[in-house]
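*Asks:* Okay, handing you the structure first.
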Amino acid sequence: MAPSDRADDDGAARDPSTDDAIARDSYLLGRVRRGDLDAYGELVRRHTRRAYSIAYGILRHREDVEDVVQESFTRTLERIDRIAEGMPFHPWFYRIVVNAAISLQRSRTRRAASAMRDDFQSAEPQPDRLAEVGQLRDRLLRALDSLPERQRAIVLLADVEELNSTEIAQIMDMPAGTVRYQLHLGRRALRSLLPAPDEEAR
Amino acid sequence: MTNRFEGGGDKQEVRSALQDALSDRFDGVDWERLHARILADAARPAALGAQPWDVVASWASRGIPAAGALLAAAVVALLILPLNARSDAAAAAALLPVAEELMASVPEETRLLLHAGSDLESLLNLVLADEPPEDEPS
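Chains as they are written, first to last, in my numbering: chain Z, 21 to 222; chain F, 308 to 445.
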């Protein structure tokens, strides 16, 4: 009997790291290797959302993000025989996504940075409080952009995708200790932009 | 004990701020369209690991008469051989008249099954889809 796993309404795997999710992915991979397009469709639906989220954190340009997500799935098909039987699919796949997003980030020509990003500041005047929040958001995202690429990816995987250091180590293909250290550096850089707790309370 | 590199205090504040800042990342995403786009890419026979020969074999499995499948295989072979030398579109274009003549001798109903209403250009695209991308200029 095919392993089952809980999924959201849009087919996304709720937590790809559970034993059930890993088993379901392995089952689907086996079907995909035999040319089963329906199984591939389910694999796509299970992982598109998180792939999109990871790529968006790095690129923050929707068209590029969609290109990266599509390209990542295509590469997955091309390299599907490299996944050993029983090996969890999601760290391997998310590694492809991270590398593809970083690669695209590097190859982007220097267009006006504000025009490239989806989150450039609006010219519309805003109430002061909203303006403050918007400015903080922009500063935070600019600071995120200024982190070294792989450190940025690690911070996103930890603090947006909420993966643990072991999973991130598999995705980034580096020791868990290195992940934790890079995460510490990245968080420290971003933390310095945030208001102190006593300032927030005013 | 918390590993100091996990940064307990920093972790929650940075996490909250980042999740807030990126909370709109899924806004307006048409998941069905994106899924369809990804699956359409995979539906190319080469994407699922099939070789053009497998494609021809699959045509036979759709009930196309054997003679028609053999002729189609000959067309594919004529198109592929020079493509292996990576002369791509120019070589394929040179063979187009030959391929057209061959296809003209394929029974009508077989041609219709093969092309599903499309033209020889589509068959050429199918074969070229199996070619690896050219190296990017440095």
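Glycine residues also receive a C-beta, built at the ideal position from the N, C-alpha and C atoms.
Below 8 Å on the Cβ atoms is my contact criterion, and I expect Ala10(Z) with Val199(Z) to pass it. Report the Cβ-Cβ distance as a whole number of Å.
*Replies:* Nothing about residue 10(Z) can be reported from this structure: the residues present for chain Z run from 21 to 222 only.
*Asks:* For Ser37(Z), would you say it is in contact with chain F, using Cβ-to-Cβ distances shorter than 8 Å as the test?
*Replies:* Taking Cβ atoms only, chain F never reaches closer than 8 Å to Ser37(Z), which makes this a no.
*Asks:* Applying the criterion that 16 or more other CB atoms from any shown protein chain within 10 Å of the CB defines a buried residue, is Ser127(Z) buried or exposed?
*Replies:* Exposed, because fewer than 16 other Cβ atoms sit within 10 Å of the Cβ of Ser127(Z).
*Asks:* Determine whether the beta carbon atoms of Ile191(Z) and Arg115(Z) lie at a separation below 8 Å.
*Replies:* Taking 8 Å as the Cβ cut-off, Ile191(Z) and Arg115(Z) qualify as a contacting pair.
*Asks:* Counting only C-beta atoms, is Arg157(Z) closer than 8 Å to chain F at any point?
*Replies:* Chain F contact via Cβ: present.
*Asks:* In whole angstroms, give me the CA-to-CA distance for Glu62(Z) and Ser37(Z).
*Replies:* About 17 Å.
*Asks:* What residues in the stretch 185-202 of chain Z bring their beta carbon closer than 7 Å to a beta carbon of chain F?
*Replies:* Cβ contacts with chain F: Arg200, Tyr201.
*Asks:* Between Leu167(Z), Leu203(Z), Ser185(Z), Gly31(Z), which lies nearest to Pro111(Z) when the distance is taken from Cα to Cα?
*Replies:* Out of Leu167(Z), Leu203(Z), Ser185(Z), Gly31(Z), Ser185(Z) has the C-alpha closest to the C-alpha of Pro111(Z).
*Asks:* Report the neighbours of Phe93(Z) on chain F: residues whose CB is nearer than 8 Å to its CB, in chain order.
*Replies:* Ordered by position in chain F, the residues that pass the 8 Å Cβ test against Phe93(Z) are Ile345, Asp348, Ala349.
*Asks:* Under a Cβ-count criterion, where at least 16 other Cβ atoms within 10 Å of its own Cβ denotes burial, should Gly206(Z) be classed as buried or exposed?
*Replies:* With 16 or more other Cβ atoms within 10 Å, it is buried.
*Asks:* Locate the alpha helix (DSSP H) running through Leu203(Z), then write down its first and last residues.
*Replies:* That run of the alpha helix (DSSP H) goes 196-211.
*Asks:* Ser73(Z) versus chain F: which residues are under 9 Å apart at the beta carbon?
*Replies:* Within chain F, the residues near Ser73(Z) are Leu329, Arg332, Phe333.
*Asks:* When you compare the CB positions of Val85(Z) and Ala120(Z), do they come within less than 8 Å of one another, or not?
*Replies:* Contact flag unset, no.
*Asks:* What residues in its chain sit with their C-beta under 8 Å from that of Tyr83(Z), if we drop five residues either side in the sequence?
*Replies:* A small fix is needed here, since residue 83(Z) is Glu in this sequence, not Tyr. None.
*Asks:* For Pro106(Z), count neighbouring C-beta atoms within 10 Å of its own C-beta (all shown protein chains included) and say buried if the count is 16 or more, exposed if not.
*Replies:* The sequence shown places Gly at residue 106(Z), not Pro. Per the 10 Å Cβ criterion, exposed.
*Asks:* So that I know if they touch, is there some Cβ in chain F lying closer than 8 Å to that of Gln90(Z)?
*Replies:* Yes, contact with chain F.
*Asks:* Roughly how many angstroms lie between the CA atoms of Ile345(F) and Phe113(Z), to the nearest whole one?
*Replies:* Cα to Cα, Ile345(F) sits roughly 15 Å from Phe113(Z).
*Asks:* With a cut-off of 8 Å, does the C-beta of Val118(Z) fall near any C-beta of chain F?
*Replies:* No, no contact with chain F.
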